[in-house]
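**Q** Protein chains in written order, with the working numbering: chain B, 6 to 244; chain C, 21 to 109; chain G, -1 to 199.
Idealized CB from N, CA, C, for every residue including glycine.
One structure is given below, represented as structure tokens, and several questions about it will come after.
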Amino acid sequence: MRWLVATVAETVPETPGAVTLRLDVPDWPGHRAGQHVDVRLTAEDGYSAQRSYSIASPPGADRLELTVERIDDGEVSPYLTTVADVSDQFELRGPIGGWFVWDGDDPTPVLLVAGGSGVVPLMAILRHHVASESTAAMQLVYSARTLGDVIYRKELEALTGPHRAVFLTLTRESSPDWAGHQGRVDSALLAEVGWPPSVRSHCYVCGPTPFVESVADALVGLGHEPGRVKTERFGPTGG
Amino acid sequence: MDTSSLDGNATAGALGDLFAFDVTIALTTCATCHDRRAVAELRAYLEAPGIVLRCASCGAVQLRLVRSSERAWLDLRGIQVLETRATSS
Amino acid sequence: MPIVSRGFQGRRRQPGAGLVPPGQYVVDDFPVLTAGPTPVTALEDWDFTVVDDSGAVAARWTWDEFRSLPAEDVTVDIHCVTKWSKLGTRWEGVSLDTLLEGVDTAAEFVVAFSDGGYTTNLPLEDVLNGQAWVAFGFDGEELEPEHGGPARLLVPHLYFWKSAKWVRGVRLSDEDEPGFWESVGYHNYGDPWREQRYWGD
């Protein structure tokens, strides 16, 4: 897999901590919803740093989109979220990862569970569901700290419909605008909002490692088949 | 439970350079405890002088990869068997 | 007050101190590299053993016994094979000369072994004569677990993967037995001044 040049066409602030980069990548071979890319930045002295980021755009979109959450003492995310501007370039390679993907050719119901920035690959899956007019029943459970941390909030509200539902839960401060659920994603919430195991839904769980471990254990504990629970861990704090 | 590690998904790029198939969707049987699961779900340590994949069940090392700019070394002794889909005949 | 002899540096000065080996760059932080989860060993369960070439335990110290041994402050540069170097790092530890004192052996090699299963191999002569310590203090504080605490091997004249974190002992051996990284591509000796990173370098 070779390194391609990505040029920033647009930057879109999503939340105070996350930015979407819309990229032009000539020769982009296409991708599946849920895959990621490796991004490589090289400084003038030759020093380079590399990180993986999930693709936020669905297959077939005009531009490749990455939504990056800024990690304060990170090496790459501060550049991508605060410095990178239109016409800046960096290298990326991909698409990478054949495990955590949803192709839309399966009518089986789907449960997506996102913790924080783990929503990014799941948003690619939701956007693909929309674009392909899939009728597979898809449910997103999305855990964020505060309302201000919810990425894609407006788009998520707009895409709900007969075959797509979004359930939001906040884990930190309560917001006066928020009349919705508060608290962590636990077995009780998954039993209430998710699919019963008898449906044999595909489950995709993404976010910080502790979140993923806890949710995956809860799903298996509720009776979901381990082979139908796919996970992608973003590390200790996510991003 | 070790909550600081990534999983095999994060190694897909590096391993993709070596294998002709997507090894992250292949299933391994751990040589130590015989746990069987996708490489994508193994515990990955990329902040090492190489890449290490450990069994998600017993923690034993299943795969080690070291790369220089010219060569790569791969140790798979911790995997009893790797199972992948048959390629088209 | 002892007379200080101008220019005398003593044999413990690290060769190349303050210089940067080929291909390295200097960092201010202290990157954490690991091949597995950070082991947790309670100090009351910790020991350090020297295993001789017949497989017998030649010496053993509990944590309290280990901390009663004479310890030294050392300031050394460290060089990681992933290309970062950190100059002037300050450690406190017990010299391998102290730990191997009185161990009678014809063995030429040692394998250092750690909690979590990590191993690394070295020629015995490379851990003697003021070249290696079991370090329990870094920068004036207790060595943190992510950097190898409660104690790690410190062998600054070789690439830092040889300075095994969470070390629990050394095994003397007539044969050279490549350790965790040496058996999968990293150089068997690992001299940063000759840039011995990988097999065949």
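#1: Name the chain B residues whose beta carbon is nearer than 8 Å to that of L26 (chain C)?
#2: Might you give, ordered along the chain, the residues of its own chain that have their beta carbon closer than 7 Å to the beta carbon of V73 (chain B), omitting 5 neighbours on each side?
#3: Can you tell which of B:T236, B:L9 and B:R7 has the C-alpha that lies nearest to the C-alpha of G123 (chain B)?
#4: Below 6 Å CB to CB, which residues in the same chain sit around A54 (chain B) once its five sequence neighbours on both sides are set aside?
#5: Against chain G, does S89 (chain C) count as a neighbour if the rule is that its beta carbon must be under 7 Å from one of theirs?
#6: On the three-state DSSP scale, how would you describe N29 (chain C)?
#7: State the Cα-Cα distance for the pair F39 (chain C) and I71 (chain C), rounded to the nearest angstrom.
#8: Taking the alpha-carbon of A223 (chain B) as reference, which of B:R233, B:A196 and B:G212 has the nearest alpha-carbon?
#9: Near F172 (chain B), what residues of its chain come up, given a Cβ to Cβ distance below 6 Å and the 5 sequence neighbours on each side ignored?
#10: My output table needs one value for M128 (chain B): the three-state DSSP class, helix, strand or coil.
#11: So, for L161 (chain B): in the same chain, excluding its five sequence neighbours on each side, which residues have a beta-carbon less than 6 Å away from its beta-carbon?
#12: List, in order along the chain, the chain G residues whose C-beta lies closer than 8 Å to that of D95 (chain C)?
#13: My output table needs one value for K235 (chain B): the three-state DSSP class, helix, strand or coil.
#14: Quick one: what's D159 (chain B) bridged to in DSSP?
#15: Judging by CA-CA distance, which residue of B:V225, B:H186 and B:P241 is the nearest neighbour of F216 (chain B)?
#16: For a test of the three-state rule: what should DSSP assign to H134 (chain B), helix, strand or coil?
#17: Quick one, which of B:T20, B:L69 and B:A48 has its alpha-carbon nearest L9 (chain B)'s?
#18: Starting from A57 (chain G), trace the beta strand (DSSP E) in both directions and tell me its first and last residue.
#19: Run down chain G in chain order and give the residues with a C-beta less than 7 Å from the C-beta of R74 (chain C).
#20: Go ahead and label R91 (chain C) buried or exposed: buried means 16 or more other beta carbons lie within 10 angstroms of its beta carbon, across all protein chains shown.
#21: Determine the burial state of H54 (chain C): buried for a count of at least 16 other Cβ atoms within 10 Å of its Cβ, exposed for fewer.
#22: Take every Cβ of the segment 22 to 42 of chain G, pair it with every Cβ of the segment 78 to 87 of chain G, and state whether three or more of those distances are shorter than 8 Å.
#23: Find out if the Cβ-Cβ distance for the pair G102 (chain B), A32 (chain C) is shorter than 7 Å.
#24: Pop quiz: S112 (chain G) and W164 (chain G) are said to be a contact at Cβ under 8 Å. What is the actual Cβ separation, rounded to whole angstroms?
#25: Let me check understanding here. Comparing Cα to Cα, which of B:G212, B:H133, B:I156 and B:T151 lies closest to A184 (chain B)?
#26: Count the other CB atoms, across all protein chains shown, that sit within 10 Å of the CB of E13 (chain G); report buried if there are 16 or more and exposed otherwise.
#27: V30 (chain G) touches chain D at which residues, Cβ-Cβ below 8 Å?
#28: Enumerate, from N- to C-terminal direction, the unbroken beta strand (DSSP E) stretches of 3 or more residues contained entirely within the segment 177 to 233 of chain B.
#29: Can you tell me whether A58 (chain C) is helix, strand or coil according to DSSP?
#30: With a cut-off of 8 Å on the beta carbons, I'd call A133 (chain G) and E90 (chain G) a contact; round off their distance for me.
#31: What residues from chain B crowd round A40 (chain C), counting only those whose CB sits closer than 9 Å?
#32: F95 (chain B) to A221 (chain B), Cα distance in whole Å?
#33: For my contact list, P126 (chain B) and H36 (chain B) are in at a C-beta cut-off of 8 Å; report their separation, rounded to the angstrom.
#34: Quick one: is G244 (chain B) near chain C, going by C-beta distance under 7 Å?
#35: List, in order along the chain, the chain B residues whose C-beta lies closer than 7 Å to that of A32 (chain C)?
#36: Would you identify the three-state DSSP class for V153 (chain G), choosing helix, strand or coil?
**A** Taking the definition as stated:
#1: By Cβ distance, chain B contributes T214, R238, F239 and G240.
#2: The answer, listed in chain order, is A23, V24, L26, Y58, S82, L85 and T86.
#3: Of B:T236, B:L9 and B:R7, the residue nearest in Cα terms is B:T236.
#4: Close CB contacts of A54 (chain B) within its chain, under the 6 Å cut and outside five residues either way in sequence, are with L46, E80 and V81 (chain order).
#5: Judged by the 7 Å Cβ criterion, S89 (chain C) is not in contact with chain G.
#6: In the three-state scheme derived from DSSP, where H, G and I count as helix and E and B as strand, N29 (chain C) is classed as helix.
#7: The alpha-carbon separation between F39 (chain C) and I71 (chain C) amounts to approximately 15 Å.
#8: For the residues B:R233, B:A196 and B:G212, the minimum Cα distance to A223 (chain B) belongs to B:A196.
#9: Contacts found: V146 and V198.
#10: M128 (chain B) sits in a helix when the DSSP states are folded into three classes.
#11: The answer, listed in chain order, is V171.
#12: Correct list: S181 and V182.
#13: Reduced to three states, the DSSP call for K235 (chain B) is strand.
#14: According to the sequence shown, residue 159 (chain B) is Lys rather than Asp. For K159 (chain B), which the question treats as bridged, DSSP gives no partner whatsoever.
#15: Closest by alpha carbon: B:P241.
#16: DSSP places H134 (chain B) in the helix class (H, G or I) of the three-state scheme.
#17: If we check each option's Cα against that of L9 (chain B), B:L69 comes out closest.
#18: Boundaries of the beta strand (DSSP E) harbouring A57 (chain G): V55 to T60, taken from the DSSP string.
#19: Around R74 (chain C), the beta-carbon contacts reaching into chain G at under 7 Å are G34.
#20: Counting C-beta atoms within 10 angstroms of its own C-beta, R91 (chain C) has fewer than 16 neighbours from the protein chains shown and is therefore classed as exposed.
#21: Around the C-beta of H54 (chain C), fewer than 16 other C-beta atoms lie within 10 Å, and the residue is accordingly described as exposed.
#22: With a cut-off of 8 Å, the segment 78 to 87 of chain G and the segment 22 to 42 of chain G count as touching, because enough Cβ pairs lie within range.
#23: Against a cut-off of 7 Å, the Cβ pair of A32 (chain C) and G102 (chain B) comes out as a contact.
#24: Rounded to the nearest angstrom, the Cβ distance from S112 (chain G) to W164 (chain G) is 4 Å, consistent with a contact under 8 Å.
#25: If you compare the alpha carbons of B:G212, B:H133, B:I156 and B:T151 with that of A184 (chain B), the shortest gap goes to B:T151.
#26: Reading off the sequence shown, one finds Pro at residue 13 (chain G), where the question assumed Glu. P13 (chain G) should be labelled exposed.
#27: The displayed structure is made up of protein chains B, C and G, and chain D is not among them.
#28: Unbroken beta strand (DSSP E) runs of no fewer than 3 residues, entirely contained in the segment 177 to 233 of chain B, are found at 207 to 212, following chain order.
#29: The answer is strand: DSSP assigns A58 (chain C) an E or B state.
#30: About 7 Å; that satisfies the 8 Å criterion.
#31: By Cβ distance, chain B contributes nothing, its closest Cβ being about 12 Å from A40 (chain C), past 9 Å.
#32: Computed Cα separation, rounded: 35 Å.
#33: Contact between P126 (chain B) and H36 (chain B) does not hold, since the beta-carbon distance rounds to 11 Å and is not under 8 Å.
#34: Low local confidence applies: a pLDDT of 47 at G244 (chain B) is under 50, so the model's placement there is unreliable, and no value is given.
#35: Per Cβ cutoff of 7 Å: I101 and G102.
#36: Annotated three-state conformation of V153 (chain G) is coil, per DSSP.
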